[in-house]
Each structure stands twice: as structure tokens, then as C-alpha cells.
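Numbering (our numbering), first residue to last: 1 to 552.
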């Protein structure tokens, strides 16, 4: 059925023909319009199949992106009144960004909601990817700090992830005796966060740990706001969102992270494992009417178990694009698989995505111009399952929110090789030219959750840096702000790769070296009650009790 629908979409004399969406409002995404068509044909399960989700006949989870200036909470309540079958799950309005409403919506109400006042776009939620691909404690030089009594005592580290399956059985052994939790999504969705938490505990064994889950970009923003309210010192985010927004620090996720850091919490972000998944370059209109990226058209992509999952982003302003590009995917034999034809009409987002069953190990991607032009535009084609060797660009492929201005972004080296950045590790710079990542950390390490030397990727590298940050804060008596902690870690990094700062490794491999405050605190590495007035300690104890109470 997917191929039949795709054939209808591609029909007519030109591949730029608009999809069959008679009567549907332009605010409804192409993907959801295809879902409605499948449902009308009695084949909704074929729409669900390539998404890996259980089929739902009556309703679908969506995100409503609102127009700038729209009051998100008021709009959510108005939609609930107008459409009683809608279940609003989450409402967020990140500073400087448009409001987002995450809701479960009956299929029958989709068109009506997409026509509602204040609603700019109705689309599928953005799903995060985990940056996965211990021996790293020795690589960091953390053992010497532990021997000096610097072990993260009194520092609060939150792990923000997609799941913590099996964490309970590790409490008191591979995890601290007490672990605080706040789960916005099922903890059993993945064991990824459990492995991340193990590494933080290895590096900073006396730090307090909090575990937070999320499942979509709306949940992510809400969880970051929870962390800010709960007052954690360091957050590790070994997750990311790929090619959903410009990597220039303006996405809702990146803005939420910047607000968190401004509040005093260090956010350590995995840079991503996306180096072989992007084709990046200038767009050009070819003689046959297709659009090339960096001179390449069409573009072959890899599939995963026969599923093609590909997105296209271009450098028009977000939410204000009037250059209308469409994305088409064909199987290895050239038969239509799927299409992304959302309108970019001056208020559109310069983004298209296709998820479809291609069958073989590769699929073919074609880009066409429906309206406007491509002169001066940069294109970013992302394939979740990678691109064939020789076609991926190897630059400007950070996962979000590693692009956040105030995040500490971390790439990876694969042990035992500490002198070479891992081939998969995402590179900067950001779209607006800032230097990212700042550091690289060790990956290819052992955890109980993943096994011996099996935890790979920037997911494993980032918690080494988060743990190192906890040690720095412990040694300093938790007086430093996030920027100062970042400066200490960057200045102590071991230069690798090209001399000086470079896009793959930033300042280099995280390394703690000598405790920099030796001799500066009257011979005491970790100041305790003595150096602080009693009133200050009462404030500290009050903050900790409030933190524990909120997490229960």
C-alpha cells in the first residue's frame, strides 16, 4: 500500500506534482496527510510499519507548532474545548521560540486542528537518537583526584536520557546507594541511560545522581525545565536531534539548554555520531530539473532493514522559507517509495522528511524545486542509516543541542587509540560559525549494561566529561559557574589531531592533570564546614533537602 500511495503522489507528468491532499489544510504535514490517506484505504498499519511504532487506529501523537506570539497554554486549552477527544500531553514555550503543544489527536480531528487559529504546523514529533557506539577513568587521570579525596562529594549530576532500563539492580554497586528519578517517559524504553549513569558514577563515585527521561523534543524542553527547577549542578545529555533545525543555537532544544546554563547548571552534550550521515554543500539547479547538494544528484542513501529514513534541510530562515523544495525517495530499482512535499510559502520551515519501505540495502534520493530558487542556499541531507562512502561530507554535522552556545559539546576517541577522533564522531562548526565540539572523551569502554568495551560513541564520551566536571566542582567547593568549569576542562585538554583547536576534537582529549587548587585553599583540597560560615552551610543543606523533596 505504501508503494501504491507513493505512486499516486509521484503521478502526473512531473515528479513535482502536489500530493493528493484535497480538502486538507496546508498546515498539516505531508507525512500526516499520507497517514490519513492510508487510514482511508484501511491500511494504516503500513503507515506505522516503517516508523517502528505500534499501530494506533484511532489517534496519533503530534506536535502543534504555534505562530510567534501565540500564548501556548491558552491555545492548548482552546483546542481541548473545541476538540474534546484531544489529549494534551505537554505544552512548552522556550524563551525566544514559538510555543509547542504535544498531544494525542484523533485522526478524524487532524484537519480541523490544522485549520485552527494560532496553529502554524501540525507534524509528527521529533524523536531523539542516542549517541552510542570503565576504562575511561584512567584515561582522564581521575584516579589521582580520587586518591586526593576529590570524588564528586556533594555535587549533583543529572542524566537526561531516553530510558534507564535495569538501573534498579545496579543501585548500591555500579550506581550510588540512592538515585533520584523523574520520568516523563518510560524508564524501560532503553538501557542507554543506565550505561551513561554508570560512567558518571565511575568518574565521580560520590556525586549524587538524578535520572530524567523524555521521548520527544517537547518532553526534552519540559525535562530541562524540571532540571533547572530541581537545582542540579551538572547535566549529561548523551542524546540529540538530527537535522530537525539549523545548528545555530536557535532551536527550541538549544534555547532551553542555554537558559539552563544561564541559571547555573553545566550542560554536557554528546556531539553526535553523525559524521557519515550527512551530505552538506551548496544547492544548485541541474539541467534535468533536479537539485544537487555539493554537485551530487541524485544521492544514494543506506537503509536499515529496508527502511529509508531521510530528511532535507536548507539554509532559509526557520519558519520563514519561501523556497519550496520537495524530497523524493525511490527504491534501488527506481520505483517510488515516498515523498516529502510540505509547502514553503513564506511561513514554511525549510525541512522535508521521508520514512518509507525501500526494501533493499540502499535507496535513491532526489530533490526538486517546486517554487522559488536555490541560489546561495546550503543544503543538509541526513540519512539515519548513513550514506555510502565517498558521498558523506564529514563536516557541520552536530546533533542538537550540542550546537547550543553555552553547552559543553563532546566528541569521541575510541580506546585504546586516544590520539585519533573516532570516524563517526560529529564535527563542527555550527551553522553560524562557532567552534564545536569543545572536547573529546573516551569511548569503546566497558559497562555492566553494555558489556566489555562495548559502549561506543559520543554517548560514552560525554559522561566522562560530566564526571570530570563534577570532580572540578568538588575540588572547588561548588563555587564555580558553568563557564568557569568549562574553561578548566578546556585548558587542561590534551591536544590531538591538528595542532591547536580543530573541528573534530576541539581543544583536545579531556584530561584532569594536577588539581589546580593545591596550595590555594590552605592545604585543603575539598573545603568542608570550616571555610564556610554556618549560615552558608544552612543554605546548602536547605537546597539539598528541597532537591530531594522535589525528586520524590
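Each residue gets a CB set at the ideal place from its N, CA and C atoms; glycine is no exception.
- Pairing residue 403 with residue 249 gives a Cβ-Cβ distance under 8 Å.
- Looking at the DSSP output, residue 383 sits in a beta bridge with 310.
- In this structure, the beta-carbon distance from residue 506 to residue 411 falls below 8 Å.
- Residue 101 carries a strand assignment under DSSP once its states are collapsed to helix, strand and coil.
- If you ignore the 5 residues before and after residue 254, its C-beta comes within less than 7 Å of the C-beta of 400, 401, 403 and 404, all in its own chain and listed in chain order.
- For residue 464 against residue 510, the beta-carbon gap comes to about 6 Å, under 8 Å, which counts as contact.
- A distance below 8 Å between beta-carbons, with the five flanking residues on each side excluded, links residue 199 to the following residues of its chain, in chain order: 134, 136, 445, 447, 455, 460, 463, 464 and 467.
- For residue 351, the enclosing beta strand (DSSP E) stretches over residues 351 to 357.
- Residue 74 counts as exposed, since fewer than 16 other beta carbons sit within 10 angstroms of its beta carbon.
- Residue 251: not part of any beta strand (DSSP E); DSSP gives it neither H nor E.
- For residue 80, the uninterrupted alpha helix (DSSP H) run begins and ends at 72 to 82, by DSSP.
- Counting along the chain, no alpha helix (DSSP H) covers residue 211; the unbroken beta strand (DSSP E) around it starts and ends at 208 to 213.
- Rounded to whole angstroms, the Cβ separation of residue 294 and residue 383 is 15 Å, and the two are not in contact under 8 Å.
- Rounded to the nearest whole angstrom, the C-alpha separation of residue 225 and residue 156 is 16 Å.
- By the criterion of at least three beta-carbon pairs nearer than 8 Å, the region 430 to 440 is not in contact with the region 182 to 190.
- In this structure the region 325 to 345 lies against the region 357 to 373, because at least three pairs of beta carbons, one per stretch, are closer than 8 Å.
- Secondary structure at residue 221: helix, using DSSP grouped into helix, strand and coil.
- Counting every other CB atom within 10 Å of its CB across the protein chains shown gives residue 307 a total of 16 or more, marking it as buried.
- Judged by DSSP secondary structure, residue 412 falls within the beta strand (DSSP E) whose first and last residues are 408 to 414.
- Counting along the chain, residue 440 sits inside the beta strand (DSSP E) bounded by residues 439 to 443.
- Within the DSSP bridge table, the entry for residue 447 names 451 as partners.
- For residue 51, DSSP assigns no beta-bridge partner whatsoever.
- When only Cα atoms are considered, residue 242 and residue 428 end up about 14 Å apart.
- No Cβ-Cβ contact shorter than 8 Å links residue 355 with residue 376.
- Judged by DSSP secondary structure, residue 146 falls within the alpha helix (DSSP H) whose first and last residues are 142 to 147.
- By the Cβ-count criterion, residue 279 is buried, with 16 or more other Cβ atoms from all chains shown falling within 10 Å of its own Cβ.
- Taking 8 Å as the cut-off, the beta carbon of residue 298 is found no closer than this to the beta carbon of residue 406.
- Beta-carbon to beta-carbon, residue 469 and residue 457 are separated by about 19 Å, too far to satisfy the 8 Å threshold.
- Closest by C-alpha distance to residue 159, out of 268, 372, 272 and 328, is 268.
- Residue state for residue 282 is assigned as strand, using DSSP reduced to three classes.
- Residue pairing by DSSP leaves residue 194 without any beta bridge partner.
- Residue 233 is not a Cβ neighbour of residue 213, given a cutoff of 8 Å.
- If the five residues before and after residue 321 are omitted, its C-beta is found closer than 7 Å to the C-beta atoms of 344, 348, 349 and 350, all from its own chain and listed in chain order.
- Sorting 30, 453 and 415 by C-alpha distance to the C-alpha of residue 440 places 415 at the top.
- Less than 8 Å divides the Cβ of residue 121 from the Cβ of residue 65.
- Following the DSSP letters along the chain, one finds residue 336 inside the beta strand (DSSP E) bounded by residues 336 to 340.
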